[in-house]
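Let me begin by presenting the structure, written as structure tokens, before commenting on it.
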Amino acid sequence: AQSVTQPDIHITVSEGASLELRCNYSYGATPYLFWYVQSPGQGLQLLLKYFSGDTLVQGIKGFEAEFKRSQSSFNLRKPSVHWSDAAEYFCAVGAGTGTASKLTFGTGTRLQVTL
Amino acid sequence: DTGVSQNPRHKITKRGQNVTFRCDPISEHNRLYWYRQTLGQGPEFLTYFQNEAQLEKSRLLSDRFSAERPKGSFSTLEIQRTEQGDSAMYLCASRGQSNQPQHFGDGTRLSIL
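In the order they appear, the protein sequences are chains H and Z. Read left to right, the first sequence gives residues 1 to 115 (the working numbering). Read left to right, the second sequence gives residues 1001 to 1113 (the working numbering).
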């Protein structure tokens, strides 16, 4: 069964500082990987996805993530955080095409941004 | 593309009552998913439709839960005889063809008194 671990429950960074959110996955085949962001009381917005190809993927709002198969990781990065980035971030893994591709999520990392 | 729409946004009900939620997916998305999210947790998969066929159900989906997608467009999720443990955010997502990600609605927050 697939699983996702987000080791950091809560992270606080200063506005303008760099950010890295960790994600480790467990999946038997080549995974489909996603990062979603959730503001309080809202649904999930897709930041970026990895299906295949280039292991460094660019997303919206200046975020990027790198797929490292050897480490089973898909960490999210941003070079300079803005106060509006404060939210809950979820990493997810999905099965490949031809299946239901249901997503398995981590427990999330809450990002707090100080001014 | 008007996004995934869920109604109602909030539902407060007494224990033992039945509730029904609706999800309107992005038009032409033939895949539809329901997830449940409790406080401090990530969403957990409940069930999946491809067109009108319900192809997968999680063990989380007890016999008090039923989901339908009668014409392959909107979907409903019904919970019968609600219990305190059903309090959660219920999220709907839809997806188009292969290599497309799931797009989520804003969810329905259920509170059981």
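The C-beta atom is built at its ideal place from N, Cα and C for all residues, glycine as well. None of the values given here were measured: they were computed from a predicted structure.
>> Can you check which of these residues, H:K49, H:K68, H:T5, H:G53, is closest to H:G59 by C-alpha distance?
In response: Selected option, being the one with the closest Cα: H:K49.
>> Taking its Cβ as the centre, do 16 or more other Cβ atoms sit within 10 Å of Z:I1079, making it buried, or is it exposed?
In response: Buried is the call here.
> How long is the line joining the alpha carbons of H:A1 and Z:F1045, rounded to whole angstroms?
Replying inline: Here the alpha carbon of H:A1 sits roughly 13 angstroms from the alpha carbon of Z:F1045.
> Going by beta carbon distance, what residues of the same chain come within less than 7 angstroms of H:N75, once the five residues before and after it are set aside?
Replying inline: So the qualifying residues of the chain are E20, L21, R22, C23, A65, E66.
> Leaving out the 5 sequence neighbours to the left and right, which residues in its chain are closer than 7 angstroms to H:P7 when beta-carbon positions are compared?
Replying inline: So the list reads R22, once near-sequence residues are dropped.
> Which class does Z:I1012 belong to by DSSP, given the choice of helix, strand or coil?
Replying inline: Z:I1012 falls in the strand class under three-state DSSP.
> Does H:L47 have its Cβ less than 8 angstroms from a Cβ in chain Z?
Replying inline: No, H:L47 does not count as interfacial toward chain Z.
> How would you list, in chain order, the residues of chain H whose beta-carbon sits under 7 angstroms from the beta-carbon of Z:D1106?
Replying inline: Z:D1106 reaches chain H at Q42, G43, counting residues in chain order whose Cβ is nearer than 7 angstroms.
> Curious, which full-length beta strand (DSSP E) runs of at least 3 residues does the segment 22-86 of chain H contain?
Replying inline: Qualifying beta strand (DSSP E) stretches, in chain order: 24-26, 32-38, 44-50, 56-58, 64-68, 73-78.
>> If you reduce the DSSP assignment to three classes, tell me which class Z:Q1054 lands in.
In response: Strand at Z:Q1054.
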